[in-house]
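*Asks:*
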Amino acid sequence: MASRNHIFVLADECKGCGLCIDACPLNVLEFADGLNSMGYRPAHYKGDGCSACGTCFYTCPEPGAITVIRNVESLEKGNCKHCGKTVFLIPDSRDPSRKRCIDCHQLLNEK
Ligand code: SF4
Ligand code: SF4
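Each residue of the sequence shown is one higher than the last, beginning at 3 in the numbering used here.
#1: Cutting at 7 angstroms between CB atoms, please list the residues of its own chain near Ala1, excluding the five before and the five after it.
#2: According to DSSP, is Glu78 part of a helix, a strand, or is it coil?
#3: Ligand 2 and Glu32: does the residue's C-beta get closer than 6 angstroms to at least one heavy atom of that ligand?
#4: Report the CB separation of Arg72 from Asn7 in whole angstroms; it is logged as a contact under 8 angstroms.
#5: Since Val70 and Ile23 should fall inside the 8 angstroms C-beta cutoff, what is the C-beta to C-beta distance between them, to a whole number of angstroms?
#6: Whole-angstrom Cβ separation of Pro63 and Cys19, contact assumed at under 8 angstroms?
#7: Using a Cβ-Cβ cut-off of 6 angstroms (strictly less than) and excluding sequence neighbours within five positions of Thr61, which residues of its own chain qualify?
#8: DSSP on Ala13, reduced to helix/strand/coil?
#9: What residue range does the beta strand (DSSP E) around Ile92 cover?
#10: Could you please give the first and the last residue of the uninterrupted alpha helix (DSSP H) stretch that includes Leu21?
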């Protein structure tokens with residue numbers, strides 16, 4: 003059965019240092035294929051197997067880059083106006099009153 007835990011790396015906050023990838027005891031993180039808006043190759047979740055141990059979060063030097071979600075199904079769901087999918091909505095790491103699409107990372111409720 004797929005893990006209900008989830009690790010969210012906000013690509014544009016990631017500097018591509020790879021510390022979280024090396025630190026994950028379950029080897030469920032890897033570098034993404036593409037680059038973020040600053041030209042770094044961000045880390046991302048392979049998609050399954052996270053135990054929500056938090057090691058990556060505490061290893062990451064960039065505040066706001068990593069969010070560890072224990073039981074992704076507890077998150078609110080909604081339609082993303084950017085990617086058009088019905089997705090889980092994750093509180094923004096800098097302003098939890100705002101939500102991001104867990105899939106395309108875009109903010110949904112602009113101020
Ligand atoms: S929370 Fe733990 S298991 Fe999940 S990605 Fe981070 S280090 Fe790996
Ligand atoms: S430790 Fe943080 S900055 Fe470094 S690759 Fe992982 S998410 Fe990106």
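Using N, Cα and C, we set each Cβ at its ideal position, and we do this for glycine too.
Note that this is a predicted model, so its numbers are computed, not measured.
*Replies:* Walking through what the data contain:
#1: Outside the modelled stretch of the chain, which goes from 3 to 113, sits residue 1, for which no answer is possible.
#2: The count along the sequence shown starts at 1 and reaches residue 78 at position 76. Three-state DSSP puts Glu78 in coil, outside helix and strand.
#3: Here residue 32 corresponds to residue number 30 of the sequence shown, with the count starting at 1. For Glu32, the Cβ stays outside the 6 angstroms cut-off from all heavy atoms of ligand 2.
#4: Within the sequence shown, the letter at position 70 stands for residue 72. Within the sequence shown, the letter at position 5 stands for residue 7. At roughly 6 angstroms, the Cβ-Cβ gap stays under 8 angstroms, so Arg72 and Asn7 are in contact.
#5: Taking the sequence shown and counting its residues from 1, the one referred to as residue 70 is at position 68. Taking the sequence shown and counting its residues from 1, the one referred to as residue 23 is at position 21. With 8 angstroms as the limit, Val70 and Ile23 do not qualify as a contact, their Cβ atoms being about 15 angstroms apart.
#6: Translated into positions along the sequence shown, residue 63 becomes position 61. Translated into positions along the sequence shown, residue 19 becomes position 17. The Cβ separation is near 7 angstroms, so the contact holds.
#7: Here residue 61 refers to the residue found at position 59 when the sequence shown is read from its first residue. In the same chain as Thr61, and ignoring 5 residues on each side of it, the C-beta atoms closer than 6 angstroms to its own belong to Leu21, Cys22 and Ala25, in chain order.
#8: Within the sequence shown, the letter at position 11 stands for residue 13. In the structure shown, Ala13 sits in a helix (DSSP, three-state: H, G or I).
#9: As a first step, residue 92 must be located in the sequence shown, where it is residue number 90. Ile92 -> beta strand (DSSP E) spans Thr88 to Pro93.
#10: Here residue 21 refers to the residue found at position 19 of the sequence shown. It spans Leu21 to Ala25 - the alpha helix (DSSP H) in which Leu21 sits, taken as one unbroken run.
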